[in-house]
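In this note's numbering, the protein residues as written are 64 to 482.
The beta carbon of each residue, even a glycine, is placed where N, CA and C say it ideally should be.
The structure displayed is predicted, hence computed values, not measured ones.
This report refers to the structure that appears directly beneath it.
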DNA sequence: TCTGGGGTCCTAGGACCC
DNA sequence: TCTGGGGTCCTAGGACCC
């Protein structure tokens, strides 16, 4: 803004979950490095969570993709070694990396569990960006044991695109004057924010590369894609100027919890039970964050065709109690459910407010008594662990009393359309 | 024993008001 | 009980990201 040249780094952990896992195992006496063999982090198939969450380099060669069902991956790669995810470990690695990065800049933006932006303008060594990035890369490798790819540029978008160029364990630049040479020849789906649907439409228009998109008539894009068109065109031309947001926390807009139940849910009571376990976690996270919500939503995924639908409700006065959330969830579910077997259920709250003073509407139930119960339960769970208090109706249900994690990974801001 | 779970933002359409 | 328009709020669904 003040005419000073910007310098942004994007740091991306290579095969994050798998690398974290590999390092941990080596530190605990493993003789094989998971990164050197066909391996993957995958959910448990028995509970129908069986998809590939991260894969090693050798696995990549078999054409295995992240997000693909484990059985399919094993068909492509019969000797695939799979390990279960360990989110607590990933958060440890994440924190360790952020801590290290903060030694190089006071402006580090956590972007996800494995990605950070760094504003390096004016930092020591910033006059030699390649050398500086290399120093960071080496320190992470030596001290933390995993490798990263770093992209260097003058804005976040270009830095992020740049970090894709060379991996693992590498530093690349994508300065504005390198866009035409380095970014424009790439297939259009390599551009950040061009997903399946957009890529399909662009290809149908004859736009196959990022360069073709960049040189397309902006008016045509705006006509076809509305506000998306402008964003796509800007990104293809390397235009993006958001700040590396400071460590201060951006407030989360919504809190959700959903689960694929390990059997098909075919009756209302069981569905309610699952909703309760989801509402418990959502409620706790809401209260730990000192927030209340005004919108409650339930989502349902059908077993037969995996199609999801949802139902939501906006209420007058903000709530944060588990019992209140659960009551609304039951109502929403009963109104929305088509009666067909369910694979997946979700609870999500939004329109959040800070909990300072909450006004009670005359027309809605007084949840004050429930709030005291919640608070007590929360305290006990915090002191003695989440499993110490379980609602009696869960004991013989075969369902987890608290669905979803309470780890603080969800509290990290996720990437949005505006970087 | 087929495909997870956590987010954000945008848009279309309907209800309702002036 | 004819016609038009603008604005806001709400809901459902779709797109994208990691």
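The beta carbons of residue 180 and residue 71 sit closer together than 8 Å. The C-alpha of residue 106 lies about 12 Å from the C-alpha of residue 325.
Here residue 210 is not near residue 305, since their CB atoms are 8 Å or more apart. Here the alpha carbon of residue 462 sits roughly 49 Å from the alpha carbon of residue 216. When the beta-carbon positions are compared, residue 390 and residue 465 stay at least 8 Å from each other.
For the 8 Å CB-CB criterion, residue 399 and residue 374 form a contact.
A residue is called buried once 16 or more other Cβ atoms fall within 10 Å of its Cβ, and residue 75 is buried on that count.
The beta carbon of residue 382 sits closer than 7 Å to the beta carbons of 355, 356, 388 and 430 from its chain, once the five residues preceding and following it are set aside; these are given in chain order.
Looking from the CA of residue 156, the closest CA among 236, 116, 85 and 261 belongs to 85. For the options 407, 411 and 293, the alpha carbon positioned closest to that of residue 316 is the one of 411. Around the Cβ of residue 280, a 10 Å sphere holds fewer than 16 other Cβ atoms; the residue is exposed. Under the three-state reduction of DSSP output, residue 305 falls in the coil class, being neither helix nor strand.
Look at residue 168 here: in three-state DSSP terms it is coil, with no helix or strand label.
Minimum Cα-Cα distance from residue 90 among the listed residues 402, 207, 117 and 169 corresponds to 207.
Per DSSP, reduced to three states, the secondary structure at residue 215 is strand.
Residue 121 carries a helical assignment under DSSP once its states are collapsed to helix, strand and coil. Residue 71: not part of any alpha helix (DSSP H); member of the beta strand (DSSP E) spanning 71-76, first to last residue. For residue 303, the CB contacts under 8 Å within the same chain, skipping 5 residues up- and downstream, are 218, 219, 220, 221, 297 and 482 in chain order. In this structure the stretch 267-276 touches the stretch 240-252; the number of beta carbon pairs closer than 8 Å is three or more. For residue 283 and residue 78, the gap between their C-alpha atoms comes out near 38 Å. Fewer than three beta-carbon pairs drawn from the stretch 236-243 and the stretch 253-271 are found closer than 8 Å, and the two stretches are therefore not classed as touching.
The Cβ-Cβ distance between residue 395 and residue 370 does not fall below 8 Å. In the structure shown, residue 371 falls within a strand segment according to DSSP collapsed to helix, strand and coil. Annotated as proximal: residue 318 and residue 349, with beta-carbon spacing under 8 Å. A buried status is given to residue 437, since no fewer than 16 other beta-carbon atoms sit within 10 Å of its beta-carbon.
Here residue 94 carries a coil assignment [DSSP, helix/strand/coil].
Here residue 150 is exposed. Its C-beta has fewer than 16 other C-beta atoms within 10 Å. Between residue 213 and residue 234, the CB-CB gap stays under 8 Å.
DSSP places residue 409 in the strand class (E or B) of the three-state scheme. One alpha carbon belongs to residue 443, the other to residue 452, and they sit about 8 Å apart. With respect to the C-alpha of residue 224, the residue from 265, 266, 182 and 299 having the closest C-alpha is 299. For residue 203, no beta strand (DSSP E) run applies; the uninterrupted alpha helix (DSSP H) run containing it begins and ends at 192-207, by DSSP. Looking at 128, 135 and 323, the one whose alpha-carbon comes closest to that of residue 409 is 323. Taking each of 386, 401 and 380 in turn and checking the Cα distance to residue 417, the smallest one comes out for 380. One thing to note: residue 404 has its Cβ within 8 Å of the Cβ of residue 367.
Beta bridge pairing from DSSP links residue 317 with 413.
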